[in-house]
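J.: Structure in structure tokens, see below.
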Amino acid sequence: MMVGAMCRSRRNRRRHIMTSAALAIRSGLRRRAHDAGVRLVAVFLGLGLTGACGSATPTAPTGVSGDRLLTSDIRGLGASAALGAFATAPDSPTLKVTSPTPQSPATGTTVSGVHPTLSVAMSVGEYVQAPGLQLGFAVWRMEDDGSLTLVEAEMVPQTDGTTTYAVGWALAHAAEYRWRARAVINGAFGPWSNVATFRTPAPPPPPPPPGPPVPSDPQARYRAVFESDWSPATHPQDYPDNAHYSPLIGATHLATTTFWQGGMLASTGIERMAEEGSQSPLDAEMAAAIASGVAEFLFRGGGLAPTPGVEAVEFDVTTAFPYVTLVSMIAPSPDWFVGVNGLPLIANGQWRDEVIVPLFPWDAGTDNGATYDSADADAAPATPVSPLLGPPVAVNGTVAPFGRFIFRRLN
9 MMVGAMCRSR
19 RNRRRHIMTS
29 AALAIRSGLR
39 RRAHDAGVRL
49 VAVFLGLGLT
59 GACGSATPTA
69 PTGVSGDRLL
79 TSDIRGLGAS
89 AALGAFATAP
99 DSPTLKVTSP
109 TPQSPATGTT
119 VSGVHPTLSV
129 AMSVGEYVQA
139 PGLQLGFAVW
149 RMEDDGSLTL
159 VEAEMVPQTD
169 GTTTYAVGWA
179 LAHAAEYRWR
189 ARAVINGAFG
199 PWSNVATFRT
209 PAPPPPPPPP
219 GPPVPSDPQA
229 RYRAVFESDW
239 SPATHPQDYP
249 DNAHYSPLIG
259 ATHLATTTFW
269 QGGMLASTGI
279 ERMAEEGSQS
289 PLDAEMAAAI
299 ASGVAEFLFR
309 GGGLAPTPGV
319 EAVEFDVTTA
329 FPYVTLVSMI
339 APSPDWFVGV
349 NGLPLIANGQ
359 WRDEVIVPLF
369 PWDAGTDNGA
379 TYDSADADAA
389 PATPVSPLLG
399 PPVAVNGTVA
409 PFGRFIFRRL
419 N
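In terms of this note's numbering, the sequence shown opens at residue 9 and continues consecutively.
In structure tokens form, the structure reads like this:
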């Protein structure tokens, strides 16, 4: 009888507060209505929401049956106290509110990082929104054997409409996770939301290895000296009357930039340089590389005549583009030339003071002529650039260099 009287007394108190709220609203006293509503909620939370005194049945929570995460399925619960007791408490609710509704990430999606933001629609009671509620978010990782490991559980204040929570612990890459949320207040727990799933992205590629050390001085100036030995004494077979070299042309560039290379078909610019001694259109090809950001400086020098003789050209180079290419036609010839391709001017983190490169003859593969003064005979199809190893440049089976490039640092 005493319990019944207490319950009747509490029901009468709830009716009185609800009546006060209604009167306040009618009279336009919004503040009184708010206060009455807060007191009403307090009664619900303290008395009704925890199931005391046979209170009215609340709105049914959204269903979670058929897709529950049972605590018996979870491994690694030794840290449950630190992770939040709500996550490991029994699934049966002790708080009469609706379950929150997962909104994002959508089930089955791959999130963009390892700290995803989870969001749910708020949890409410039957008559009013329950202020002061907290929402507990719990995240489990699905293991290869199908079991689940609780990895994070945190509570945040519920906000109107949508409540969000950013996962603080860095989740593993390329893993599947399950999560859900429930309302929490004063040690009472609402029903769990439906289970939602997401997958974390694949790990990012490893960072590139550190580049080689570079000089403290970001720019240097070099002189390229072309010393030619080509003469009847060094290459006696079919030595031409008017032996000379075409004007030098070169560029500084990245290691990955290639204007010519053994085994590669000659560009139009290399073909014209090797057959006619022209700097064009090779200069246009180098200018295009500069415009696209893979080369930096284009430079030109004079031709060399007569030979033996010496010619030189100066150029600047920076640590950003520390490789140099330089070529000149052997003239007269069908399509033969000398040159360097992608020569590095930095070694061991320092500008190289001097680099000497022997100049062996190359065949551009664009003309079929067999000797210096051969008539024009275009190769169809062209063949890749290759070393010139036979007559008339070979002496007793050995090809002597035509000369050398000497790259000397000026400052």
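C-beta: ideal position from N, C-alpha, C; glycine also.
Keep in mind that this is a model prediction, so the values were computed, not measured.
Give me whichever residues DSSP pairs with residue 264 in a beta bridge.
T.: For the purposes of this step, residue 264 is taken as the residue at position 256 of the sequence shown. Answer by DSSP bridge pairing: none, since residue 264 is not bridged.
J.: Taking the beta carbon of residue 309 as the centre, do at least 16 other beta carbons fall within 10 Å, making it buried, or is it exposed?
T.: As a working mapping, residue 309 is identified with position 301 in the sequence shown. Label assigned to residue 309: buried.
J.: Between which two residues does the beta strand (DSSP E) carrying residue 304 extend?
T.: Numbered from its first residue, the sequence shown carries residue 304 at position 296. Element bounds for residue 304: 303-308.
J.: Can you list, in chain order, the residues of its chain whose CB lies under 8 Å from that of residue 272, leaving out five sequence neighbours each side?
T.: Along the sequence shown, one-based indexing puts residue 272 at 264. Excluding positions up to five away in sequence, the list reads 266, 392 and 393.
J.: For residue 205, name the three-state secondary structure that DSSP assigns.
T.: In the sequence shown, the residue the question calls residue 205 occupies position 197. Strand.
J.: Expressed to the nearest angstrom, what Euclidean distance is found between the alpha-carbon atoms of residue 181 and residue 148?
T.: One-based indexing of the sequence shown puts residue 181 at position 173. One-based indexing of the sequence shown puts residue 148 at position 140. If you take the alpha carbons of residue 181 and residue 148, they lie about 14 Å apart.
J.: Looking only at its own chain, which residues have a Cβ that is under 6 Å from the Cβ of residue 359, when we skip the five neighbours before and after it?
T.: Translated into positions along the sequence shown, residue 359 becomes position 351. Once the five neighbours on either side are set aside, the close Cβ partners of residue 359 are 223, 228 and 417.
J.: Do three or more CB pairs link the segment 274-293 to the segment 190-203 at distances below 8 Å?
T.: The segment 274-293 is not in contact with the segment 190-203.
J.: Helix, strand or coil for residue 378 per DSSP?
T.: Position 370 of the sequence shown, counting from 1, holds the residue named residue 378. Three-state DSSP puts residue 378 in coil, outside helix and strand.
J.: For residue 250, collect the residues of the same chain with a Cβ closer than 7 Å to its Cβ; drop the 5 residues on either side in sequence, then sort them by chain order.
T.: Taking the first residue of the sequence shown as position 1, residue 250 is located at position 242. Cβ within range, chain order: 340.
J.: Would you kindly check if the distance between the Cβ of residue 268 and the Cβ of residue 376 is under 8 Å?
T.: Counting from 1 along the sequence shown, the entry for residue 376 is found at position 368. Counting from 1 along the sequence shown, the entry for residue 268 is found at position 260. No, these two residues do not count as a Cβ contact at 8 Å.
J.: State whether the segment 109-126 contacts the segment 166-181, with contact taken as three or more CB pairs (one from each stretch) at a distance under 8 Å.
T.: These segments touch.
J.: For residue 94, report the span of its alpha helix (DSSP H) as first-last.
T.: Looking up residue 94 in the sequence shown gives position 86. From DSSP, the alpha helix (DSSP H) with residue 94 extends over 93-96.
J.: Which residue marks the beginning of the alpha helix (DSSP H) containing residue 290, and which one marks its end?
T.: Here residue 290 refers to the residue found at position 282 when the sequence shown is read from its first residue. From DSSP, the alpha helix (DSSP H) with residue 290 extends over 290-299.
J.: For a minimum of 3 consecutive residues, which ranges assigned as the beta strand (DSSP E) are wholly contained in the segment 324-387?
T.: For the segment 324-387, whole beta strand (DSSP E) runs of length 3 or above, ordered along the chain, are 331-339, 344-352 and 362-367.
J.: Could you check if residue 342 is buried or exposed, using at least 16 other CB atoms within 10 Å of its CB as the buried criterion?
T.: By 1-based counting over the sequence shown, the position of residue 342 is 334. Residue 342 should be labelled buried.
J.: Could you pull out every residue in the same chain whose Cβ sits closer than 6 Å to the Cβ of residue 184, ignoring the five residues on either side in sequence?
T.: Here residue 184 refers to the residue found at position 176 of the sequence shown. Same-chain partners within the cutoff: 150 and 207.
J.: With DSSP as the reference, label residue 406 as helix, strand or coil.
T.: Along the sequence shown, one-based indexing puts residue 406 at 398. Strand.
J.: Go ahead and pull the three-state DSSP assignment for residue 258.
T.: As a first step, residue 258 must be located in the sequence shown, where it is residue number 250. Three-state result, residue 258: strand.
J.: If residue 368 sits next to residue 407, beta carbons under 8 Å apart, how far is it from one beta carbon to the other, in whole angstroms?
T.: Locating residue 368 in the sequence shown gives position 360, where the first residue counts as 1. Locating residue 407 in the sequence shown gives position 399, where the first residue counts as 1. The Cβ separation is near 6 Å, so the contact holds.
J.: Suppose the cutoff is 6 Å on Cβ atoms and the five residues either side in sequence are ignored; what does the same chain contact list for residue 402 look like?
T.: In the sequence shown, residue 402 corresponds to position 394, counting from 1. Nothing meets the Cβ criterion.
J.: Would you decide whether residue 362 is buried or exposed? Buried here means 16 or more other CB atoms lie within 10 Å of its CB.
T.: Sequence index remark: in the sequence shown, residue 362 carries index 354 (1-based). By the neighbour-count rule (16 or more Cβ atoms within 10 Å), residue 362 is not buried but exposed.
J.: Classify residue 276: buried if its beta carbon has 16 or more other beta carbons within 10 angstroms, exposed otherwise.
T.: The residue given as residue 276 occupies position 268 in the sequence shown. Per the 10 Å Cβ criterion, exposed.
J.: Buried or exposed: which applies to residue 66, given that a residue is buried once 16 or more other Cβ atoms fall within 10 Å of its Cβ?
T.: One-based indexing of the sequence shown puts residue 66 at position 58. Note on residue 66: pLDDT 33, under 50, position unreliable in the model; the coordinate value appears next. So residue 66 counts as buried.
J.: So, using beta-carbon positions, are residue 374 and residue 384 closer together than 8 Å?
T.: Taking the first residue of the sequence shown as 1, we reach residue 374 at position 366. Taking the first residue of the sequence shown as 1, we reach residue 384 at position 376. No, the Cβ-Cβ distance between residue 374 and residue 384 is not below 8 Å.
J.: Would you mind working out which of 160, 95 and 412 sits nearest residue 365, comparing C-alpha positions?
T.: Indexing the sequence shown from 1 puts residue 365 at position 357. Here the closest residue by C-alpha is 412.
J.: Would residue 330 and residue 354 qualify as a contact pair, given that the criterion is a beta-carbon distance under 8 Å?
T.: Position 322 of the sequence shown holds residue 330. Position 346 of the sequence shown holds residue 354. Contact: yes.
J.: Please state if the CB of residue 261 and the CB of residue 302 are separated by a distance shorter than 8 Å.
T.: Taking the first residue of the sequence shown as position 1, residue 302 is located at position 294. Taking the first residue of the sequence shown as position 1, residue 261 is located at position 253. Yes, the pair counts as a contact, with Cβ atoms nearer than the cut-off.
J.: Rank 284, 112 and 263 by C-alpha distance to the C-alpha of residue 338 and give the top, closest one.
T.: Here residue 338 is taken as the residue at index 330 of the sequence shown, counted from 1. Ranking the options by Cα distance to residue 338, first place goes to 284.
J.: So, helix, strand or coil for residue 130, using DSSP?
T.: The residue you call residue 130 lines up with position 122 of the sequence shown. Three-state DSSP puts residue 130 in coil, outside helix and strand.
J.: Are the CB atoms of residue 166 and residue 143 within a distance shorter than 8 Å?
T.: Position 135 of the sequence shown holds residue 143. Position 158 of the sequence shown holds residue 166. Yes, these two residues count as a Cβ contact at 8 Å.
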